[in-house]
Amino acid sequence: TAASSEPVQAHTVIVATGARANYLGLPSEEAYKNRGVSACAVCDGALHRFREKPSIVIGGGDSAIEEATYLTKFASKVYLVHRRDELRASKIMQQRAFDNEKIEVVWNHTLAEVLGNEDQGATGVRLQSTVDDSTRELDAAGIFLAIGHTPNTDFLHGKLAMNDKGYIKWSRP
Numbered sequence: 001t002a003a004s005s006e007p008v009q010a011h012t013v014i015v016a017t018g019a020r021a022n023y024l025g026l027p028s029e030e031a032y033k034n035r036g037v038s039a040c041a042v043c044d045g046a047l048h049r050f051r052e053k054p055s056i057v058i059g060g061g062d063s064a065i066e067e068a069t070y071l072t073k074f075a076s077k078v079y080l081v082h083r084r085d086e087l088r089a090s091k092i093m094q095q096r097a098f099d100n101e102k103i104e105v106v107w108n109h110t111l112a113e114v115l116g117n118e119d120q121g122a123t124g125v126r127l128q129s130t131v132d133d134s135t136r137e138l139d140a141a142g143i144f145l146a147i148g149h150t151p152n153t154d155f156l157h158g159k160l161a162m163n164d165k166g167y168i169k170w171s172r173p
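Rendered as structure tokens:
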């Protein structure tokens with residue numbers, strides 16, 4: 001039993017620790033988290049504060065396009081901000097974004113700062129060009145980060161084999 005100190009044998013062990021969304025670590029991002037900054041469009045995108053107002057998605061993979069596409073149901077416009085000049089997303093997902101008239105891709109930019117105030121929360125962003133020293137500001141009620149996840153496996157390091165991203169390596173029996 002688990003209460004005894006005897007080893008327990010099993011053919012299969014399920015480790016379901018979940019993962020947490022990655023953020024950039026900007027002070028302004030932290031200041032407006034849950035006040036306009038989110039990492040889950042499905043969780044927060046339908047909130048009144050985002051309806052019929054522009055939103056921004058940071059990222060360039062399939063998840064970012066999923067978030068942007070979902071937000072078009074509620075937002076007046078969705079800016080998809082990506083640091084490169086091409087998306088990492090699958091071709092079919094890229095086409096989904098390009099075909100959606102509510103999505104505008106902002107190429108070669110990174111999030112430099114979340115703009116806002118105490119009363120309204122986040123009100124927009126300042127973007128930094130990856131090509132030159134220019135910056136650009138966009139107004140938005142919602143800033144959604146879709147830049148990956150980190151597995152909640154810290155407590156298992158040294159106990160189970162993991163890949164370089166911290167996910168548990170597994171094999172079929």
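Numbering (my numbering), first residue to last: 1 to 173.
Built from N, CA and C at the ideal position, the CB exists for glycine as well.
(1) Report the rounded CA-to-CA distance for Phe181 versus Glu29, giving the unit in angstroms.
(2) Rounding to the nearest angstrom, what Cα-Cα distance links Arg83 and Gln9 in this structure?
(3) Can you pull the DSSP bridge partners for Tyr23?
(4) With a floor of 3 residues, list each beta strand (DSSP E) that falls wholly inside the region 81-118, ordered by position along the chain.
(5) Whole angstroms are fine: how far does the CA of Ala3 sit from the CA of Glu52?
(6) Determine contact between the region 156-167 and the region 37-46, defined as no fewer than three beta-carbon pairs at a distance below 8 Å.
(7) Is it true that the region 142-152 meets the region 15-30, where meeting means three or more beta-carbon pairs spaced less than 8 Å apart?
(8) Assign Gly116 to one of two classes, buried (16 or more other C-beta atoms within 10 Å of its C-beta) or exposed (fewer than that).
(9) Tell me the rounded alpha-carbon separation between Glu186 and Val78.
(10) Considering only DSSP beta bridges, list what Ala122 is partnered with.
(11) Going by the CB atoms, is the gap between His109 and Gln128 shorter than 8 Å?
(12) Out of curiosity, what's the CA-to-CA distance linking Asp132 and Leu156?
(13) Ignore the nearest five residues each way along the sequence and tell me which others in Leu87's own chain have a CB closer than 6 Å to its CB.
(14) In terms of alpha-carbon separation, which member of Arg49, Ala122 and Asn100 lies closest to Tyr70?
The relevant details are as follows:
(1) Since the first and last residues shown for the chain are 1 and 173, residue 181 lies out of range.
(2) 48 Å
(3) Beta-bridge pairing links Tyr23 to no other residue.
(4) 103-106 and 109-117
(5) 55 Å
(6) no
(7) yes
(8) buried
(9) A question about residue 186 goes unanswered here, because the residues of the chain that appear run from 1 up to 173.
(10) Gly116
(11) yes
(12) 42 Å
(13) Gly60 and Gln94
(14) Asn100
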